[in-house]
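Written out below as structure tokens is the structure these notes cover.
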Amino acid sequence: MPAVFASGLLTASVVVTPGFPSEGSTTSGGALPDVEASATLVAVPWSLVALLVLAGIVWAAIVLGRKRRARREEAMIEAAVAAALEAREEEPTPVA
Numbered sequence: 001m002p003a004v005f006a007s008g009l010l011t012a013s014v015v016v017t018p019g020f021p022s023e024g025s026t027t028s029g030g031a032l033p034d035v036e037a038s039a040t041l042v043a044v045p046w047s048l049v050a051l052l053v054l055a056g057i058v059w060a061a062i063v064l065g066r067k068r069r070a071r072r073e074e075a076m077i078e079a080a081v082a083a084a085l086e087a088r089e090e091e092p093t094p095v096a
């Protein structure tokens, strides 16, 4: 099965011929024309697709880990600031 593992630039073209006689056609010119279509695509091996998906998963894990770490650090800073403000409010003020 060489087509399953094909890679590179692939071109496919199809020609369709009407399957009924032209004398019964409803077009003004009589016979229906042949229809031709073609497509070009790039085929890549499955191993490359798997590698790209794996790289995307690793990248997403790294980005999400950084965001979680940043949120955790922000929460620790907020807790430290709140504790410092609470400690400052509890200190007795000296009377002169």
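The sequence shown runs 1 to 96 under UniProt numbering. We put the CB at the ideal spot given by N, CA and C, even for glycine. Remember, it's a predicted structure, so these values are computed and weren't measured experimentally.
Is the Cβ-Cβ distance between residue i and residue j less than 8 Å?
i	j	result
S38	T11	yes
D34	V15	yes
A43	S7	yes
Considering only C-alpha positions, which residue in the set the options is nearest to residue i?
i	options	result
P45	A84, A82, L9 and E86	L9
If we ignore side chains and look at the alpha-carbon of each, how far apart do residue i and residue j end up?
i	j	result
V49	A70	32 Å
E91	L85	10 Å
V58	R72	21 Å
A82	L52	45 Å
Per DSSP, what kind of secondary structure is residue i in: helix, strand or coil?
i	result
V16	strand
V44	coil
A83	helix
V35	strand
Could you tell me whether any non-hydrogen atom of the ligand PLP is closer than 7 Å to the CB of residue i?
i	result
R68	For the ligand PLP, the structure offers nothing, since it holds no ligand at all.
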